[in-house]
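Shown next, in structure tokens, is the structure this report addresses.
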């Protein structure tokens, strides 16, 4: 029997057709996280909300609108297409493009949609200048220095030569100089402090040469929560916005609420005898008579197959184990200890039900990875439902 007293979430393409699985996005928690983080900032530092990767799987437009409403100074994305999607969704705020762009076609798209690119080397700056000259258009650009991440960016020792080159090129207007920290989430601040010193030295060289960048920024989520000396004009905050901590020790600094909960419905319940194999490969064999619930969510939705037989979920405020191999569209649970369970009942995979809670960190720990890989892994097939 289907339960109709639960939240009636429907498929947008077929109204009235109930969702098998979904991710709830708590807009109130999102707003509160943004406001709390801003209260930690050194005046007049502004928060730039990082909404790349579809806002870490939370839905870029929803998060972008909420961030601007909460007072964010702008947004950060990784790719040109991510920026275009925000513009097409009506976002008018500053959009900083963090990723590399190198072709005239990319420059034209960036200029058309009024995005603000990151420049990392002289060759890239030349491509931008030449293409923009042909368009008779000037573009704000952000210059990135490599202070120890060893990824994108001009070596920090060459900052003054790089900035002077960009200043001399037509159609480019320097909007900021920035860098990115590699170990801000580590309890050992040694490397972070080294990077900070390099950044300060680079800026001192610029100022000694008569160059004062309009804005400076260095801090990510972890650095923002760790040390106000790293705040500068902007901070680029991603993970913390979504209520997740870059490191466990940062839970003492601020109370954040996870924005995403992942839920699904039970589609079938059956009783099996001892010695019964469950799912592909029979990785799990029942050692007693069991009641097994099939749930309509699987690895095609973003539940990693490597979590098979390694996680619990929550039903009726009680944790129960997942059993057998997680399949593309479904997974199975041992619900023997829940007597009144019914088809259609809601299962919480990530989130809170009653006093019980399961977090993205729990999954990440089981897999030996990080929580942001978990939340970014939830696919578009899993609808995002805004609540709150």
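In the UniProt record's numbering, the protein residues as written are 1 to 388.
Backbone N, C-alpha and C fix where the C-beta goes; we use that ideal spot for every residue, glycine too.
Residues of its chain near residue i, where Cβ-Cβ distance is below 6 Å and the 5 sequence neighbours each way are ignored
i	result
residue 250	225
residue 202	145, 156 and 159
residue 49	67, 72, 75 and 241
residue 267	294 and 296
residue 184	192, 220, 222 and 223
residue 384	23, 25 and 59
residue 370	364
residue 354	317
Exposure label - residue i; buried when at least 16 CB within 10 Å
i	result
residue 388	exposed
residue 337	exposed
residue 288	exposed
residue 88	exposed
residue 116	buried
residue 24	buried
residue 285	exposed
residue 82	buried
residue 52	buried
residue 345	buried
residue 280	exposed
residue 339	exposed
residue 179	buried
residue 324	buried
residue 196	buried
residue 213	buried
residue 123	exposed
residue 27	buried
Separation of residue j from residue i, as counted between CA atoms
i	j	result
residue 192	residue 248	17 Å
residue 114	residue 57	24 Å
residue 208	residue 365	47 Å
residue 368	residue 306	11 Å
residue 359	residue 318	15 Å
residue 205	residue 322	58 Å
residue 1	residue 330	Because the pLDDT of residue 1 is 27, which lies under 50, any placement of that residue in the model is unreliable, and the question is left without a value.
residue 372	residue 261	14 Å
residue 382	residue 236	27 Å
residue 271	residue 374	32 Å
residue 349	residue 161	52 Å
residue 54	residue 95	14 Å
residue 148	residue 332	45 Å
residue 265	residue 347	6 Å
residue 107	residue 316	53 Å
residue 282	residue 351	29 Å
residue 80	residue 18	35 Å
residue 308	residue 278	11 Å
Three-state class that DSSP yields for residue i in the structure shown
i	result
residue 185	coil
residue 39	helix
residue 74	strand
residue 112	helix
residue 81	helix
residue 249	helix
residue 378	coil
residue 192	helix
residue 178	strand
residue 233	coil
residue 145	strand
residue 270	strand
residue 7	Only weak support is given to the placement of residue 7: the predicted model assigns it a pLDDT of 45, under 50, and the value that follows is read from those uncertain coordinates. Reduced to three states, the DSSP call for residue 7 is coil.
residue 92	coil
residue 58	coil
residue 66	helix
residue 322	strand
residue 294	strand
residue 278	strand
residue 117	strand
residue 257	coil
residue 1	Model confidence at residue 1 stands at a pLDDT of 27, short of 50, so the residue's coordinates are unreliable and nothing is read from them.
CB-CB length for residue i against residue j, believed under 8 Å
i	j	result
residue 298	residue 327	5 Å
residue 110	residue 97	7 Å
residue 246	residue 222	4 Å
residue 379	residue 21	Their Cβ separation, rounded to whole angstroms, is 10 Å, which puts residue 379 and residue 21 out of contact at 8 Å.
residue 356	residue 314	5 Å
residue 45	residue 386	With 8 Å as the limit, residue 45 and residue 386 do not qualify as a contact, their Cβ atoms being about 29 Å apart.
residue 38	residue 47	5 Å
residue 181	residue 239	Not a contact, Cβ separation roughly 13 Å.
residue 86	residue 70	No, residue 86 and residue 70 are not in contact; Cβ-Cβ is about 16 Å, not under 8 Å.
Own chain, CB closer than 7 Å to residue i, minus 5 neighbours either side, in chain order
i	result
residue 42	228 and 231
residue 243	29, 33, 256, 257, 258 and 259
residue 171	129, 132, 133, 137, 138 and 139
residue 275	285 and 286
residue 120	100, 144, 152, 153 and 154
residue 198	147, 148 and 156
Cut-off 8 Å between Cβ atoms - residues of its own chain near residue i, not counting five sequence neighbours on either side
i	result
residue 36	254, 255 and 256
residue 141	116, 117, 118, 119, 125, 128, 166, 172, 173, 174 and 175
residue 269	291, 292, 293, 294, 335, 341, 342 and 343
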